[in-house]
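Chain order of the listed sequences is Y and C. So in UniProt numbering, spot 233 of the first sequence is number 233, and the numbers just go up one at a time. So in UniProt numbering, spot 243 of the second sequence is number 243, and the numbers just go up one at a time. Here the structure is laid out as structure tokens; the discussion comes afterwards.
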Amino acid sequence: MPQIDRLNMELLKPLDEARYLTAENAARYRVILRFFYEQHQRLRYWLYKEDVFDYMKQFAVFSDYTIEKCEQDLNALSQWKNLISTQDTTKAATLEEFKNKKFRYQLSPYSIEIERMTIRLESLSGYGGSLEPSLFERIYTALLKIIDLSSSPDTAAIHRWWQDLNGDFESIYHNATDYIASLQSSRADELMKTEAFIVYKDRMIDYLRDFIKDLQRFSSAIEEFLKNLDEDVVNSVVEKLVEYELSVPRIDRIPEADEVRGEIKSKWFNLTGWFLGYGGDESEAYRLFNVTNEIIRKITRFAARIAESRSRTLSRKTDYLKLAAAFAACKDLNEAHRLSAAAFGAFNTRHLAGEFERATESITVGVWDEKPCTFKLKPKTRNYSESGNTGAVRDCSESKSQKLKEYLMSLEQEREILEGLIFQNRINLAKLPEVEPFVRITLLRWIGKAMGSRNKTAKTEDGRQYRVIFPKDHERIWLKCTDGNINMPAFIIEFEDVG
Amino acid sequence: MEELHMLLENFWILRDENREDYYRIRDAQGRIKLFIEEKLGYRLVINPHMAKLEKVPGEAEAWMGIQDFKESMDYAFLCLLLAFLEEKGPEEQFVLSNITEYIQATYEGYEKVDWNLFSHRRSLVRVLVFAEKIGILKVNDGEQERFSEDRTTEVLYENTGISGYFLRSFGRELGDDINPDILLEGEWLTGDTERGSFRRHRVYRKLLLSPAVYSQGPDDQDFLYIKNYRNTIQRDFEENLGAKLHIHKNSAFLIYENSSRDKSFFPDGSNISDIILQIGGLLRKKLDEEKLHVKPDDTIEIPESEFHHIIMECRELYKSGWYKSYRELSPDKLIQEVMDAMESWKMIVRDKKLRSVKILPMVGKFTGEYPENFVKGVKTHEE
Numbered sequence: 001m002p003q004i005d006r007l008n009m010e011l012l013k014p015l016d017e018a019r020y021l022t023a024e025n026a027a028r029y030r031v032i033l034r035f036f037y038e039q040h041q042r043l044r045y046w047l048y049k050e051d052v053f054d055y056m057k058q059f060a061v062f063s064d065y066t067i068e069k070c071e072q073d074l075n076a077l078s079q080w081k082n083l084i085s086t087q088d089t090t091k092a093a094t095l096e097e098f099k100n101k102k103f104r105y106q107l108s109p110y111s112i113e114i115e116r117m118t119i120r121l122e123s124l125s126g127y128g129g130s131l132e133p134s135l136f137e138r139i140y141t142a143l144l145k146i147i148d149l150s151s152s153p154d155t156a157a158i159h160r161w162w163q164d165l166n167g168d169f170e171s172i173y174h175n176a177t178d179y180i181a182s183l184q185s186s187r188a189d190e191l192m193k194t195e196a197f198i199v200y201k202d203r204m205i206d207y208l209r210d211f212i213k214d215l216q217r218f219s220s221a222i223e224e225f226l227k228n229l230d231e232d233v234v235n236s237v238v239e240k241l242v243e244y245e246l247s248v249p250r251i252d253r254i255p256e257a258d259e260v261r262g263e264i265k266s267k268w269f270n271l272t273g274w275f276l277g278y279g280g281d282e283s284e285a286y287r288l289f290n291v292t293n294e295i296i297r298k299i300t301r302f303a304a305r306i307a308e309s310r311s312r313t314l315s316r317k318t319d320y321l322k323l324a325a326a327f328a329a330c331k332d333l334n335e336a337h338r339l340s341a342a343a344f345g346a347f348n349t350r351h352l353a354g355e356f357e358r359a360t361e362s363i364t365v366g367v368w369d370e371k372p373c374t375f376k377l378k379p380k381t382r383n384y385s386e387s388g389n390t391g392a393v394r395d396c397s398e399s400k401s402q403k404l405k406e407y408l409m410s411l412e413q414e415r416e417i418l419e420g421l422i423f424q425n426r427i428n429l430a431k432l433p434e435v436e437p438f439v440r441i442t443l444l445r446w447i448g449k450a451m452g453s454r455n456k457t458a459k460t461e462d463g464r465q466y467r468v469i470f471p472k473d474h475e476r477i478w479l480k481c482t483d484g485n486i487n488m489p490a491f492i493i494e495f496e497d498v499g
Numbered sequence: 001m002e003e004l005h006m007l008l009e010n011f012w013i014l015r016d017e018n019r020e021d022y023y024r025i026r027d028a029q030g031r032i033k034l035f036i037e038e039k040l041g042y043r044l045v046i047n048p049h050m051a052k053l054e055k056v057p058g059e060a061e062a063w064m065g066i067q068d069f070k071e072s073m074d075y076a077f078l079c080l081l082l083a084f085l086e087e088k089g090p091e092e093q094f095v096l097s098n099i100t101e102y103i104q105a106t107y108e109g110y111e112k113v114d115w116n117l118f119s120h121r122r123s124l125v126r127v128l129v130f131a132e133k134i135g136i137l138k139v140n141d142g143e144q145e146r147f148s149e150d151r152t153t154e155v156l157y158e159n160t161g162i163s164g165y166f167l168r169s170f171g172r173e174l175g176d177d178i179n180p181d182i183l184l185e186g187e188w189l190t191g192d193t194e195r196g197s198f199r200r201h202r203v204y205r206k207l208l209l210s211p212a213v214y215s216q217g218p219d220d221q222d223f224l225y226i227k228n229y230r231n232t233i234q235r236d237f238e239e240n241l242g243a244k245l246h247i248h249k250n251s252a253f254l255i256y257e258n259s260s261r262d263k264s265f266f267p268d269g270s271n272i273s274d275i276i277l278q279i280g281g282l283l284r285k286k287l288d289e290e291k292l293h294v295k296p297d298d299t300i301e302i303p304e305s306e307f308h309h310i311i312m313e314c315r316e317l318y319k320s321g322w323y324k325s326y327r328e329l330s331p332d333k334l335i336q337e338v339m340d341a342m343e344s345w346k347m348i349v350r351d352k353k354l355r356s357v358k359i360l361p362m363v364g365k366f367t368g369e370y371p372e373n374f375v376k377g378v379k380t381h382e383e
């Protein structure tokens, strides 16, 4: 007799989130969601309809695509809960941006899973994952083994190593990005606004700080290691992996060596790229670092706001409105000034100041009966100079102006030297001759200043806009200086063309 | 001492703008609190955003207002802006048209707000510039000054979240009838109504903030207090502010050491300050020549026209030492400027009905002279 299972009620519900795969316009929907997924992997969680539209337009298939259609598609996907739409709450930098603040869209957790599934399906290749600090360490130690392994005959061991390494990497790739996505979601924002959040705040920040520390420590170590890794070592390990793959008995079909090699190499490229950056872009590790930092900042800000609203007194709106009416009714400006003094208090004090001496302490003598205090006035005319005064004063001012002159001259000289380093609007640190310490100090100050800004731009002291460009291949150089050398990335400082 | 000066010379000290001073004041609060609370009866507000001493005047005077403001409407707009900001969270953004719409809808005055009028736009611009300067809002994008020329100008703002602290606390909700006396009255009624402590607070505040405290007559209790407690008062101000107390028959002055960090002091070396010192000298001379007479209350009362003559005489005598802009000022403008300045410094009082001017005792405390070689030089030059 067949056993009667209890029916899982969940199974009775249709899965709306999967509708996009089979709907009439599935072609468009799938491309859109794949685009979202790809951006999601790059830690770009929020997209605007313009982003989607621009992306779609580049394909010939969608040449008749319009922004209206795009909006409809995004609405449909939002209705099926594939996308979560929220009104943009980030700060606008310009008026234009503020006016155009519309909806922005984020992948729903279901869609992420469905997309992952479709990707696995395509190549026959959990939201709420957590960051695992030890992962970076494991990857680092695993990578260190590569040198020994390259000369090891044990291909099976190499294969195991490869599997573990990839497993750990996937964990970072998926879990870390998911975790951060959930922290960046609008629900998290809501949560952070509640008082209950204060309790979790410190733990959460500790956790993220640990993560950042770990990321910083190991990602730069990994980066350094990968950069200096001998190509031959990699190739020999790849060959051994290929050898192993081919030696595994298979029933279905025997893969070509080139195919296996290609797959392994692309995985390796992905892994190294995550730490080194793909083709000159910022590395994903670096971006993750920034994003985590930003989240910590956000958490602290929200917490401060909650603490403040607790202690904040009542709204003073009615007081302000009543005062506004009282001010509007003032007969003249002086009356309003006096009302202001009573309402807001004085803005500063007003006093007699200086060498007012008195010959008496009497409190019964009238002011006019005493000798007044006489002030020496300085004529305001240009042709009056204090030439009649003592020479000592004049000498001092002369040496002062001499000092000032020298100082300005030296500033001018320094400016000229720096100017001489610019070639085709750029200062290429790799190509600099031995420089004086002030040049190094100035360059480091400029670089530091630009690092603080999002697009790595800043202005020099004399107001020129510049941008700091990272070396493409992470090249490092020694900047030679008369008082010592410094090892640093081969930055390029590019000045905005003023002409 | 230094910290108390900072608190007195600034409306508030914002942590984000001036960390160093902010922390200095925070660290010093133990030292300065006693004087502030006991003698002045003030509240020192220190929170994570700012340090602020609410400088409630003993007597509201016109110069204590916001000197950038030119119309009472400016103040009304400021209050509406503050009300508008109460509804916004910290860092929340909005645009200028949000403000203009709000003000237009809520303003209650004799006339309606009409942004087509240059004067109304100009008034709002003064308020916005002040609001940015004092730190209650930030401009993210756009030029607010352009609004006075072009009413379609848009500006992106951000609320800093401190507007709620701008108004001092009254400890009660405001009634519908609002005037300076009522606002200040609360000061003397809250806490213990014992004469001693609230009179002390009022007297200390008058001396602390104003250039001069004048006796209103033999029964003026505040002035009697100053005379009776002069030793304590002198010591308190000396210790806490390095200031000296001069008490005369009918007037009392707190005199600061000359310090350029202060926002407003006399004489400050400006041309108008020179002119006032010179007028002081001229008045002295006329007293010596018995052309003028001091009344028993230590004031000199003369017809307005005579005062105008004195200003013109001063101009004839000394203008060679003035800036060109003052030399070339028309007599009317010059008279206006000198009298306005002297009035706001409590040096003269005008009686508009009698068309007379009362010269107050402060003017007797000073005269000004050019260096001898300059005077000689001028004379030889003229000869």
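C-beta: ideal position from N, C-alpha, C; glycine also. None of the values given here were measured: they were computed from a predicted structure.
> When Cβ atoms are compared, which residues of the stretch 329-353 of chain C fall closer than 9 Å to chain Y?
Replying inline: S344, W345, K346
>> Suppose the cutoff is 7 Å on Cβ atoms and the five residues either side in sequence are ignored; what does the same chain contact list for Y107 of chain C look like?
In response: A76, L80, V113
>> Please state whether the Cβ-Cβ distance between V363 of chain C and M339 of chain C is less than 8 Å.
In response: no
> Taking I172 of chain Y as the reference, which of Y:V439, Y:L43, Y:Y20 has the closest Cα?
Replying inline: Y:L43
>> At the 8 Å Cβ level, is G452 of chain Y part of the contact set with chain C, yes or no?
In response: no
> Is there contact between the stretch 52-66 of chain C and the stretch 339-347 of chain Y, where contact requires at least three CB pairs shorter than 8 Å?
Replying inline: yes
>> Alpha carbons only, please: which of C:E343, C:L317, C:D274 is nearest the one belonging to T367 of chain C?
In response: C:D274
> What did DSSP end up calling K405 of chain Y once you bin it into helix, strand or coil?
Replying inline: helix
>> Against chain Y, does M1 of chain C count as a neighbour if the rule is that its beta carbon must be under 8 Å from one of theirs?
In response: no
>> Taking its Cβ as the centre, do 16 or more other Cβ atoms sit within 10 Å of Y466 of chain Y, making it buried, or is it exposed?
In response: buried
> Could you give the distance in angstroms between the alpha-carbon of E412 of chain Y and the alpha-carbon of K405 of chain Y?
Replying inline: 10 Å
> Counting contacts by CB-CB distance shorter than 8 Å, is C314 of chain C in contact with chain Y?
Replying inline: no
> Which bits of chain Y does Y323 of chain C rub up against, with CB to CB less than 9 Å?
Replying inline: K380, T381
> For the stretch 319-336 of chain Y, which residues have a CB atom closer than 9 Å to at least one CB atom of chain C, in sequence order?
Replying inline: D319, Y320, L321, K322, L323, A324, A325, A326, F327, A328, A329, C330, K331, D332, L333, N334, E335, A336
> Sorted by chain position, which residues of the same chain lie with C-beta nearer than 8 Å to T360 of chain Y's C-beta, five sequence neighbours on each side aside?
Replying inline: E370
> Taking DSSP as the reference, what is the three-state secondary structure of W446 of chain Y?
Replying inline: helix
>> Within the continuous beta strand (DSSP E) that includes I477 of chain Y, where are the two ends?
In response: 476-481
> The beta strand (DSSP E) with T177 of chain Y in it runs from where to where?
Replying inline: Unbroken run through T177 of chain Y is the alpha helix (DSSP H), 177-184; no beta strand (DSSP E).
>> Report the start-end ranges of each alpha helix (DSSP H) in the stretch 211-290 of chain Y that is 4 residues or longer and not cut off at the edges.
In response: 231-247, 257-276
> Buried or exposed: where does D395 of chain Y fall if 16 or more other Cβ atoms within 10 Å of its Cβ makes it buried?
Replying inline: Low local confidence applies: a pLDDT of 46 at D395 of chain Y is under 50, so the model's placement there is unreliable, with the coordinate-based value given in what follows. By the neighbour-count rule (16 or more Cβ atoms within 10 Å), D395 of chain Y is not buried but exposed.
> Are at least three pairs of beta-carbons, each pair with one atom in the stretch 238-248 of chain C and one in the stretch 309-329 of chain C, less than 8 Å apart?
Replying inline: no
>> Measuring straight from C-alpha to C-alpha, what distance separates F198 of chain C and E185 of chain C?
In response: 11 Å
>> I need the straight-line Cα distance from D21 of chain C to E294 of chain Y, nearest angstrom please.
In response: 29 Å
> Can you find at least 3 beta carbon pairs, one from the stretch 262-282 of chain C and one from the stretch 293-300 of chain C, that sit closer than 8 Å?
Replying inline: no
>> I'd like the span of the beta strand (DSSP E) that includes H246 of chain C, first residue to last.
In response: 244-247
> Where does S251 of chain C sit, in a helix, a strand or coil, going by DSSP?
Replying inline: strand
>> Could you tell me the alpha carbon to alpha carbon distance between K319 of chain C and E372 of chain C, rounded to whole angstroms?
In response: 16 Å
> For the stretch 342-369 of chain Y, which residues have a CB atom closer than 7 Å to at least one CB atom of chain C, in sequence order?
Replying inline: A342, A343, F344, G345, A346, F347, N348, T349, R350, H351, L352, A353, G354, F356, R358, I363, T364, V365, G366, V367, W368
>> Which of the three DSSP states is assigned to N487 of chain Y in this structure?
In response: strand
> Any idea what DSSP makes of Q41 of chain Y, helix, strand or coil?
Replying inline: helix
> Within the 8 Å Cβ cut-off, does K267 of chain Y reach chain C?
Replying inline: no
> F103 of chain Y versus chain D: which residues are under 9 Å apart at the beta carbon?
Replying inline: Absent here is chain D; the protein component of the structure consists of chains Y and C.
> Using CA coordinates, which residue listed in Y:E115, Y:E97, Y:R116, Y:R287 is at the minimum distance from N140 of chain C?
Replying inline: Y:E97
>> What does the Cβ neighbour count give for I311 of chain C, buried or exposed, with the cut at 16 atoms within 10 Å?
In response: buried
> How would you write the range of the beta strand (DSSP E) that K322 of chain Y sits in, first residue to last?
Replying inline: Not the beta strand (DSSP E): K322 of chain Y falls in the alpha helix (DSSP H), residues 317-328.
> Would D192 of chain C count as contacting chain Y if we go by Cβ distances under 8 Å?
Replying inline: Interpretation of D192 of chain C is limited by its pLDDT of 48, a score under 50 that renders its predicted location unreliable; the figure taken from the coordinates is listed afterwards. No, because no Cβ of chain Y sits closer than 8 Å to the Cβ of D192 of chain C.
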